[in-house]
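With positions in the sequence shown counted from 1, the corresponding number in the numbering used here is that position plus 609. All C-beta atoms, glycine included, are put in the ideal place defined by N, C-alpha and C. Treat the numbers as computed from the prediction; the structure is a model and nothing was measured. Only one structure is covered here, and it is reproduced in the block below.
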Amino acid sequence: EAIFGLASLYTLLVTLGVCTNALIITATITSKSLHGTCNILIAFCALSDIMHLLGHLPKIVPVFAGSIEISSFMCCILQVVPNFGLSAGTFLVLSIALDRLFSVRQAFFYVKTSVSQYLSKHIFAILAYAALQYFLIAIYFEDARVACNPAAAYHGRGKELWGAASMLVYLLAVAVYVVVWRELTSVGVTTDIREARSVSLTIFAVMAVVICGWFLSMCLVMTNSVVLRLQDRQLYLFMEVAGIPANTSISINYFVLYATSSEYRAAFKQQLCSIPCIGRIFSK
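Encoded structure:
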């Protein structure tokens, strides 16, 4: 019953996350007010989160089919795209932080910078980071039976290095956000600074949810590695519970953006108004 319950919960998270992140991407494309580089990076992050969340399907479907585990080789094949989403989503947290830093450090940064060239540099860094993660999967591969989710593609020392690399990226992002906030609070309040603070607060809220969710999941994983050392069925159930905070955090970005950003809220309301059943509520 616990296994089916967790599979049902992950089904809900995947459905919610895929739908709401797709709405973020659609809003970014259709709303002119969301065509800034930071908004585009957020849309990239939403796309990455969709790929990541779909990586739970190879784990969910076998549970409802009466099984749990598949071969680790088949799991690695199935997780090629989802693991790119996982890696890209992790690095994009840092990319968005750096984008905020550039915007407050250099007043005319976006005026002087080619958007396509600027974004291509972010994409190159993301691809390099993802390539490193694929290298860890390949070099530390072990033939085994696994419950297939994105993290299951990493084995042994590779999983430890993946966790360490992810933690380093998130810690760097936190450090950059601290610098950004100090920059914004160390100068006088002008219209531009007020707008920058408003945008940054929205980004801080979204990234805080993602980072806190990830750290909570990693703390649970480390607790098992150091203290509990669970095995077999108990380990499977514990790891499923440990993954809930991280996967919840990337499934609720839509609601955080709706609550904290007037620009995103306006774009989302426009989307909701186009839905026949509930459009009347949001058109008022």
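A756 carries a strand assignment under DSSP once its states are collapsed to helix, strand and coil.
Excluding the 5 residues flanking it on each side, A762 has same chain C-beta neighbours closer than 7 Å at C684, C685, Q688, N692 and I746, in chain order.
Here T629 is buried. Its C-beta has 16 or more other C-beta atoms within 10 Å. In the assembly as shown, S680 is an exposed residue. Its beta-carbon has fewer than 16 other beta-carbons within 10 Å.
Remark: C-beta atoms of A814 and T869 approach each other more closely than 7 Å.
The beta-bridge partner set that DSSP reports for I679 consists of V755.
A residue is called buried when at least 16 other Cβ atoms come within 10 angstroms of its Cβ; S826 meets this threshold and is buried. Straight through space, the alpha carbons of L662 and V690 are spaced by roughly 10 Å. The DSSP-derived three-state label of F877 is helix.
For T722, the three-state secondary structure derived from DSSP is coil. For E769, the uninterrupted alpha helix (DSSP H) run begins and ends at G765 to T794, by DSSP. Beyond the five residues adjoining it in sequence on each side, C647 comes within less than 8 Å, by CB distance, of I705, D708, R709, S712, V808 and I812 in the same chain, given in chain order.
Across the set V789, D752 and I638, the C-alpha of V789 shows the shortest separation from the C-alpha of L810. Looking only at T832, F877 and G694, the smallest Cα-Cα distance to N758 is reached by G694.
In this structure, the alpha-carbon of D658 lies about 26 Å from that of T832.
Boundaries of the alpha helix (DSSP H) harbouring I633: A611 to T639, taken from the DSSP string.
Residues of the same chain with a CB within less than 7 Å of the CB of V672, apart from the 5 flanking positions on each side, are I612, F613 and A616 in chain order.
Of the candidates A774, A697, V818 and V670, the residue whose Cα lies closest to the Cα of N862 is V818. Taking 4 residues as the minimum length, the alpha helix (DSSP H) runs contained wholly in the region 649-706 are 666-673 and 681-687, in order along the chain.
Of the residues A756, V778 and H644, the one whose Cα lies closest to the Cα of F682 is A756. For N856, the enclosing alpha helix (DSSP H) stretches over residues D841 to S858. Within the model, the alpha-carbon separation for Y779 versus W771 is close to 12 Å.
T699 is a Cβ neighbour of S775, given a cutoff of 7 Å.
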